[in-house]
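In numbering that gives the first Met the number 0, the protein residues as written are 0 to 84. Worksheet: one structure, shown below.
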Amino acid sequence: MGGISVLLMMLIMLVLVIAFIMVGIMAVVMFIAATILTIVFVVKKEERKASGKQLGAKVAIPVTLYLVSIPILIFMVSIIFSCCP
Numbered sequence: 000m001g002g003i004s005v006l007l008m009m010l011i012m013l014v015l016v017i018a019f020i021m022v023g024i025m026a027v028v029m030f031i032a033a034t035i036l037t038i039v040f041v042v043k044k045e046e047r048k049a050s051g052k053q054l055g056a057k058v059a060i061p062v063t064l065y066l067v068s069i070p071i072l073i074f075m076v077s078i079i080f081s082c083c084p
């Protein structure tokens with residue numbers, strides 16, 4: 000393998016590592032956002048109950064964020080810790 004092919008492979012590896020890190024950061028952000036939304040929904044429960052309102056379809060937002068972020072985080076943690084002996 001010559002110099003150009005090695006350089007091309009290194010560039011591809013760099014792009015994949017950057018994509019892996021970006022996906023991880025987005026999963027952490029989604030998890031934090033879902034946790035904050037859940038806390039806000041619980042804190043405002045009495046206020047909504049007093050005014051007669053319900054969450055309705057808003058409950059789907061944190062649930063969806065959790066359903067997307069948790070498997071990604073589990074996968075990434077397992078990949079990171081499986082590489083270390």
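Glycine included, each C-beta is placed from N, C-alpha and C at the ideal position. On a predicted model such as this, the values are computed, not experimentally measured, just so you know.
Which residues bound the alpha helix (DSSP H) around residue i?
| i | result |
| --- | --- |
| V39 | 2-42 |
| V67 | 59-82 |
Looking at the structure shown, is residue i part of a helix, part of a strand, or coil, going by DSSP?
| i | result |
| --- | --- |
| G51 | coil |
Taking the C-alpha atoms as reference points, what is the distance between residue i and residue j?
| i | j | result |
| --- | --- | --- |
| Q53 | K44 | 9 Å |
Mind reading off the beta-carbon distance from residue i to residue j? Whole number of angstroms is fine, and I expect it under 8 Å.
| i | j | result |
| --- | --- | --- |
| A33 | P61 | 4 Å |
| M29 | V67 | 6 Å |
Can we say the segment 22-30 touches the segment 63-73, given the rule of at least three CB pairs closer than 8 Å?
Yes, since at least three Cβ pairs between the segment 22-30 and the segment 63-73 fall closer than 8 Å, the two stretches touch.
Is the segment 33-53 close to the segment 75-84, with three or more CB pairs under 8 Å?
Output reads no: the segment 75-84 does not touch the segment 33-53.
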